[in-house]
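Here is the structure we will look at, set down as structure tokens.
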Amino acid sequence: MTTTYGVLSEGLEKRFGEVNALRGLDLAVARGTVCGLLGPNGAGKTTAVRLLTTLVRPDAGSARVAGHDLVREAAAVRARIGVTGQYASVDGDLTGRENLRLFARLHRVRGPAGRAGELLERFGLTEAADRRAATYSGGMRRRLDLAASLIRRPQVLFLDEPTTGLDPASRTRIWQAVRELKADGTTVLLTTQYLEEADQLADDIALVDRGRVAHTGSPAELKALIGSHAQAVVADSDALPRAAAVLDQLTGGKPVFDRERNTVGAVTTDPTLTLPRLVRELDAAGVPLLDASLRPPTLDDVFLRLTGEPAESTENTEGTESAEGTESTENKELAV
Amino acid sequence: MSALAYDGLAMTGRQLRRVRNSPGLAILTQMMPINMLLFFGYVFGSALAMPGREYRAFLVPGLLVATAAGGLMTGMFQAAADTHRGVMDRFRTMPVSRAAVPLGQAVADLVVTAVGTVPLLLVGLAVGWRIERSAVDAAGAVGLLLLFRFACTCAGIFLGLLTRSEDAAGQLGASSFVLPLLSNAYIPTGNLPGWLRTLAEWNPISAVTTALRDLFGNASVPPHSAWPVAHPVAGALAWSLALVAVFLPLAVRRYNRGG
Chain A
1 MTTTYGVLSE GLEKRFGEVN ALRGLDLAVA RGTVCGLLGP NGAGKTTAVR LLTTLVRPDA
61 GSARVAGHDL VREAAAVRAR IGVTGQYASV DGDLTGRENL RLFARLHRVR GPAGRAGELL
121 ERFGLTEAAD RRAATYSGGM RRRLDLAASL IRRPQVLFLD EPTTGLDPAS RTRIWQAVRE
181 LKADGTTVLL TTQYLEEADQ LADDIALVDR GRVAHTGSPA ELKALIGSHA QAVVADSDAL
241 PRAAAVLDQL TGGKPVFDRE RNTVGAVTTD PTLTLPRLVR ELDAAGVPLL DASLRPPTLD
301 DVFLRLTGEP AESTENTEGT ESAEGTESTE NKELAV
Chain B
1 MSALAYDGLA MTGRQLRRVR NSPGLAILTQ MMPINMLLFF GYVFGSALAM PGREYRAFLV
61 PGLLVATAAG GLMTGMFQAA ADTHRGVMDR FRTMPVSRAA VPLGQAVADL VVTAVGTVPL
121 LLVGLAVGWR IERSAVDAAG AVGLLLLFRF ACTCAGIFLG LLTRSEDAAG QLGASSFVLP
181 LLSNAYIPTG NLPGWLRTLA EWNPISAVTT ALRDLFGNAS VPPHSAWPVA HPVAGALAWS
241 LALVAVFLPL AVRRYNRGG
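Just so you know, the protein sequences line up as chains A and B, in that order. Okay, so the first sequence: first residue is 1 according to the UniProt record's numbering, each after it adds one. Okay, so the second sequence: first residue is 1 according to the UniProt record's numbering, each after it adds one.
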């Protein structure tokens, strides 16, 4: 079958009681690419994955996964996807080997024991194969999860926050596995809270905010859009307007004040702006500078910039030069 | 082999492996009726009009059925616990027959029960219970017992999927302890006041217990009883099949709705 998209959704909606978890999700993931679904907790990433993996039926909208309609051909979709995530995991009361054998059997794989052994080997779990999965470390368990979703090579693989809470070594290992899968032509939909993870793995990023895709683009495009965050800490608040003027001129971004901390910050997309230059210009303007920084974008910045408001609140005046803009970008909780 | 049978068998295997990997709870559950046999048989038995040995022979079928009724609690607890296991959602995202998970749980439970009943029967033999009728009758008794267990487990699985809470399952399970008390499992119902007697005799446990006593030859069918007890084999079959017919489809439907 030839389809251009591994995942294609139009206007997916889902309500849970009062909560509008998805409000028209449009998503297109080209076959054989890795798409990173990025967003804060509560943005609708997990709901999107639960819908696209047939766990929850949409209230409205439609989607095709691996070329099949999500609702009308749910069985065909299930036969072609793999899911690893916070919820679709393994049975802790079974050993690693028993888990994989069971899934292999349910997938009608010939020689389930052989396939289980192969995957255990590939994910470095051979030694722990006959221990109950409940006794595994976080990293081992996540690897077993991933192995379980690869039993029958899936056309579309869903990875829901695959490395949350993992140590760097385990994270690298999962990333390596994802790269190999992509090289084999698997379409991957990855949700993550880490910009770096998306940066490492994704061809495209879909930024989810309040149940919708707010922005899509490659990591490079997003970074170019977001830019770096320049910040100055001054000795007294009277100097804030002067510091802001310098930042405004250097970055072209709209400076944001934090009067409690005597801080002003702004976003820049100018690749030629360096920290020494920032410090020099501030000093030349007579700003009593205590501290200055120029750091690469974080998920906070992505949100501030691309959704136009801080993720936590809907009635914020961030981004204005008025004295109202006292909201700091640092103490923002990324929760909706 | 049909997809359901194949998946159901795989799921049965899963549940049996889980019991094998952590057998503690299953063993404890099976110890319970043995303790009750010794306690009721010797402590209560000494206060009853019936001779001790005769009472213990009367009690063994009652305990077998009361234990089978415990399928309600076990089924509920396991199903409720399963709803919180990540692996359930993995099954739902896989091409697995929709009835395989609940059915696998009920069938595995049946295997565990069949094995777990043996020690109770052995202790029963040691304290005076006997099979007084033919092997065919006795086999029929065991068949009825397992069918009733299956029916109770199906009902339990549905309730477990409904409540989705192990706490609720624990509470309801504890109160299901009274069900055999409101039946002829531990005492003859002949001397109960009229309305209570009617209630006790329409309790499914009473019909199944009477059928077992009849087929094992431990006690005759009590005269002037309500229909399920007066016709115990038909009554036991009717109750069990009715419970399966109602709760198995409900459990499967509930499982498929998911979360």
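In this text, a Cβ means the ideal position worked out from N, Cα and C, and glycines have one as well.
Given a cut-off of 8 Å, decide if A/L195 and A/F158 are closer than it, judged by their beta-carbon atoms. Here residue 158 of chain A corresponds to residue number 158 of the first sequence, with the count starting at 1. Here residue 195 of chain A corresponds to residue number 195 of the first sequence, with the count starting at 1. Contact: no.
Hey, which unbroken runs of the beta strand (DSSP E) at 3 residues or more fall wholly within the region 155 to 223 of chain B? none
Neighbouring residues, chain B, relative to A/D91 (Cβ below 8 Å): The residue given as residue 91 of chain A occupies position 91 in the first sequence. Going along chain B in sequence order, the residues near A/D91 (Cβ under 8 Å) are R14, R18, R85 and V87.
Would you kindly work out how many angstroms separate the C-alpha atoms of B/E201 and B/F91, rounded to a whole number? Numbered from 1 along the second sequence, position 201 holds the residue referred to as residue 201 of chain B. Numbered from 1 along the second sequence, position 91 holds the residue referred to as residue 91 of chain B. So the two alpha carbons sit approximately 42 Å from each other.
Taking contact to mean at least 3 C-beta pairs separated by less than 8 Å, is the region 83 to 90 of chain B in contact with the region 147 to 159 of chain B? no
Beta-carbon contacts of B/D137 that lie in its chain and below 6 Å, excluding the five residues immediately before and after: Here the question's residue 137 of chain B lines up with position 137 in the second sequence. Excluding positions up to five away in sequence, the list reads L215.
Is there a C-beta anywhere in chain A that falls below 8 Å from the one on B/P23? Reading the second sequence from its first residue, position 23 is the one you call residue 23 of chain B. So, not an interface residue.
What's the C-alpha gap between A/N99 and B/P223? Taking the first sequence and counting its residues from 1, the one referred to as residue 99 of chain A is at position 99. Taking the second sequence and counting its residues from 1, the one referred to as residue 223 of chain B is at position 223. Near 54 Å, if we compare the C-alpha coordinates of B/P223 and A/N99.
Boundaries of the beta strand (DSSP E) in which A/E10 is found, first to last residue: As a working note, residue 10 of chain A is residue 10 in the first sequence. Where A/E10 is concerned, the enclosing beta strand (DSSP E) stretches over Y5 to F16.
Helix, strand or coil for A/L157? Go by DSSP, reduced to three states. The residue given as residue 157 of chain A occupies position 157 in the first sequence. Reduced to three states, the DSSP call for A/L157 is strand.
Contact set for A/H229: own chain, Cβ-Cβ below 7 Å, skip 5 residues either direction: Numbered from its first residue, the first sequence carries residue 229 of chain A at position 229. Contacts found: G265, V267, R295, P297 and D301.
Just curious, the alpha helix (DSSP H) that A/L283 is in, first and last residue? As a working mapping, residue 283 of chain A is identified with position 283 in the first sequence. As written in the sequence, residue 283 of chain A is Asp, which differs from the Leu given in the question. Per DSSP, A/D283 belongs to the alpha helix (DSSP H) from L275 to A284.
By how many angstroms is the C-alpha of A/R97 removed from the C-alpha of A/G36? Working through the first sequence from its first residue, we reach residue 36 of chain A at position 36. Working through the first sequence from its first residue, we reach residue 97 of chain A at position 97. C-alpha separation (whole angstroms): 30 Å.
Can the beta-carbon of A/T47 be found closer than 8 Å to that of A/L22? In the first sequence, the residue the question calls residue 47 of chain A occupies position 47. In the first sequence, the residue the question calls residue 22 of chain A occupies position 22. Yes, the pair counts as a contact, with Cβ atoms nearer than the cut-off.
Close beta carbons around A/A235, own chain, < 6 Å, minus the five adjacent residues each side: By one-based count along the first sequence, residue 235 of chain A stands at place 235. Around A/A235: P288 and L290.
Taking all protein chains shown into account, do 16 or more other C-beta atoms lie within 10 angstroms of the C-beta of B/M31, making it buried, or fewer, making it exposed? Translated into positions along the second sequence, residue 31 of chain B becomes position 31. With fewer than 16 other Cβ atoms within 10 Å, it is exposed.
Can you name the residues of chain A whose CB is closer than 7 Å to the CB of B/G7? Position 7 of the second sequence holds residue 7 of chain B. Reading the sequence as shown, one finds Asp at residue 7 of chain B and not Gly. Within 7 Å Cβ-Cβ: L106.
Is there a Cβ from chain B that is less than 8 Å from the Cβ of A/T192? Residue 192 of chain A sits at position 192 when you count from the first residue of the first sequence. Chain B, which has no Cβ nearer than 8 Å to the Cβ of A/T192, makes this no.
Euclidean distance between Cα positions of A/R78 and B/R257: In the first sequence, residue 78 of chain A corresponds to position 78, counting from 1. In the second sequence, residue 257 of chain B corresponds to position 257, counting from 1. So the two alpha carbons sit approximately 16 Å from each other.
Would you mind reading off the limits of the alpha helix (DSSP H) that contains B/N256? The residue you call residue 256 of chain B lines up with position 256 of the second sequence. Element bounds for B/N256: P232 to R257.
Which of the three DSSP states, helix, strand or coil, is assigned to B/A49? The residue you call residue 49 of chain B lines up with position 49 of the second sequence. Coil at B/A49, not helix or strand.
Between the C-alpha atoms of A/S313 and A/D209, what's the straight-line distance to the nearest angstrom? Translated into the one-based positions of the first sequence, residue 313 of chain A becomes position 313. Translated into the one-based positions of the first sequence, residue 209 of chain A becomes position 209. With a pLDDT of only 37 at A/S313, under 50, the local geometry of the prediction cannot be trusted, and the value read off the model is given with reservation. Those two C-alpha atoms are separated by around 12 Å.
The region 136 to 149 of chain A touching the region 73 to 83 of chain B, judged by at least three CB pairs closer than 8 Å: no
When the Cβ atoms of the region 57 to 64 of chain B are set against those of the region 122 to 139 of chain B, are three or more pairs found closer than 8 Å? yes
Rounded to the nearest angstrom, what separates B/A174 and A/R57 at their Cα positions? Taking the second sequence and counting its residues from 1, one reaches residue 174 of chain B at position 174. Taking the first sequence and counting its residues from 1, one reaches residue 57 of chain A at position 57. Between B/A174 and A/R57, the C-alpha separation is close to 36 Å.
Does any CB atom of chain A fall closer than 8 Å to the CB of B/A10? Numbered from its first residue, the second sequence carries residue 10 of chain B at position 10. Answer yes: the Cβ-Cβ gap between B/A10 and chain A drops below 8 Å somewhere.
According to the neighbour-count rule (16 or more other Cβ atoms, all chains shown, within 10 Å of its Cβ), is A/A311 buried or exposed? Reading the first sequence from its first residue, position 311 is the one you call residue 311 of chain A. Annotation note: pLDDT 45 at A/A311 (below 50); position unreliable, no value reported.
Between which two residues does the beta strand (DSSP E) carrying A/V188 extend? As a position in the first sequence, residue 188 of chain A is number 188, starting the count at 1. Start and end: T187 to T192.
Identity of the residue in B/V233, B/R17 and B/G71 nearest B/A139 by Cα: Stepping through the second sequence from its first residue, residue 139 of chain B is reached at position 139. Minimum Cα distance to B/A139 is reached at B/V233.
Give a yes or no on whether 8 Å exceeds the smallest Cβ distance from A/A129 to chain B. Taking the first residue of the first sequence as 1, we reach residue 129 of chain A at position 129. No, A/A129 does not count as interfacial toward chain B.
Listed in chain order, which residues of the region 45 to 63 of chain A have Cβ atoms closer than 7 Å to some Cβ of chain B? T53, T54 and L55
Just to make sure I have the definition right: I need the residues of chain B whose C-beta is within less than 8 Å of the C-beta of A/A75. Which are they? In the first sequence, counting from the first residue as 1, residue 75 of chain A sits at position 75. Here the neighbours are P95.
Taking three-plus beta-carbon pairs below 8 Å as touching, is the region 141 to 150 of chain A in contact with the region 160 to 167 of chain A? yes
Name the one or two DSSP bridge partners that A/G231 has. Within the first sequence, numbered from 1, the residue matching residue 231 of chain A stands at position 231. The sequence given here places Gln at residue 231 of chain A; Gly does not occur at that position. The partner list for A/Q231 (beta bridge, DSSP) reads A/G265 and A/S293.
Quick check: the region 20 to 34 of chain B against the region 111 to 121 of chain B, are there 3 or more CB pairs under 8 Å? yes
Inspect the beta-carbon positions of A/A133 and A/T95 and report whether they are closer than 8 Å. Residue numbering aside, residue 133 of chain A sits at position 133 when the first sequence is read from its first letter. Residue numbering aside, residue 95 of chain A sits at position 95 when the first sequence is read from its first letter. Contact flag set, yes.
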